[in-house]
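Written below as structure tokens is the structure these notes are about.
Residue numbers (this note's numbering): 27 to 296.
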């Protein structure tokens with residue numbers, strides 16, 4: 027009797043594993059859409075290439091899962107996913123969530139693998155898929171670490187500039203526009219397009235989150251004027267606040283930013 031119960035439990039676990047293959051396939055297809063979105067947000071070609079390589083391996087994983095399910099069940103895999111995919115608001119948030127997704131999938135694949143009888147060739151296939159997912163986690167962690175290091179360097183650079191301005195002679199006002207402008211130029215002189223893209227990211231996010239359905243002309247005016255102010259040395263969020271103040275109050279002297287009159291140490295973000 028106990029022997030029969032063990033067989034029944036084993037068979038039930040095996041059938042559940044087969045059903046889970048279908049859901050795993052659907053998750054992999056969702057991952058493909060998610061990674062395509064992340065690739066479009068990647069700040070550098072190197073990181074974009076890493077994400078594209080992950081996409082290629084995810085396609086292979088999805089194909090293997092579909093093939094296993096159809097061979098074992100005798101029916102076609104379902105393409106109707108239960109997941110409502112929510113795209114990230116930022117690149118870093120997206121990378122972090124991708125790591126969480128991959129981690130959950132590794133646990134799922136391990137559970138599916140345990141449902142197969144010892145000696146099954148499908149165990150080897152699932153082990154390869156698990157190794158692929160673990161590799162993706164390592165690559166994504168590398169991207170996350172790289173971006174965190176960049177943010178730390180930016181903060182340290184800001185502190186360095188802030189200390190430089192704060193420690194000036196009492197006869198030299200800390201809001202000296204030429205001094206600040208020179209500091210900004212020194213830092214941004216060697217910026218690449220990738221660097222500028224990261225630098226203005228807060229500006230783009232702010233405009234997109236606030237303007238929504240507003241007038242298109244006003245939207246682009248705000249974006250372009252803010253970009254001009256950034257080029258003159260203002261940090262992204264300070265730039266957009268200046269433009270908004272100008273739009274709301276109609277203050278005539280705000281557009282004359284070529285002398286950096288309103289810029290101070292709090293407006294510089296490196």
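Just so you know, even glycine gets a beta-carbon here, dropped at the ideal spot from N, CA and C.
All values derive from a computational prediction rather than experimental measurement.
| Check | Outcome |
| --- | --- |
| Grab the span of the alpha helix (DSSP H) containing residue 137 for me, first residue to last. | 117-140 |
| Give a yes or no on whether the C-beta atoms belonging to residue 60 and residue 124 are separated by under 9 Å. | yes |
| Please classify residue 117 as buried or exposed, where buried requires at least 16 other C-beta atoms within 10 Å of its C-beta. | buried |
| State buried or exposed for residue 143, treating a residue as buried only when at least 16 other CB atoms are found within 10 Å of its CB. | exposed |
| Return the residue from the list 44, 167, 173, 79 that minimises the CA-CA distance to residue 92. | 44 |
| With DSSP as the reference, label residue 162 as helix, strand or coil. | helix |
| For residue 145, does the three-state DSSP call read helix, strand or coil? | coil |
| Could you check the C-alpha separation between residue 42 and residue 267 for me, to the nearest Å? | 56 Å |
| How many Å lie between residue 101 and residue 171 at the Cα? | 43 Å |
| According to DSSP, is residue 106 part of a helix, a strand, or is it coil? | coil |
| Can you tell me the Cβ-Cβ gap for residue 109 and residue 135, rounded? I've got them flagged as a contact below 8 Å. | Not really, about 16 Å apart at Cβ, beyond 8 Å. |
| Which whole-angstrom value is the C-beta distance of residue 58 and residue 121, which I expect to be below 8 Å? | With a Cβ gap of about 16 Å, residue 58 and residue 121 do not count as contacting. |
| Look at residue 166 and residue 80 and say whether their C-beta atoms are less than 9 Å apart. | yes |
| Which two residues bound the contiguous alpha helix (DSSP H) that contains residue 90? | 71-99 |
| Would DSSP call residue 68 helix, strand or coil? | coil |
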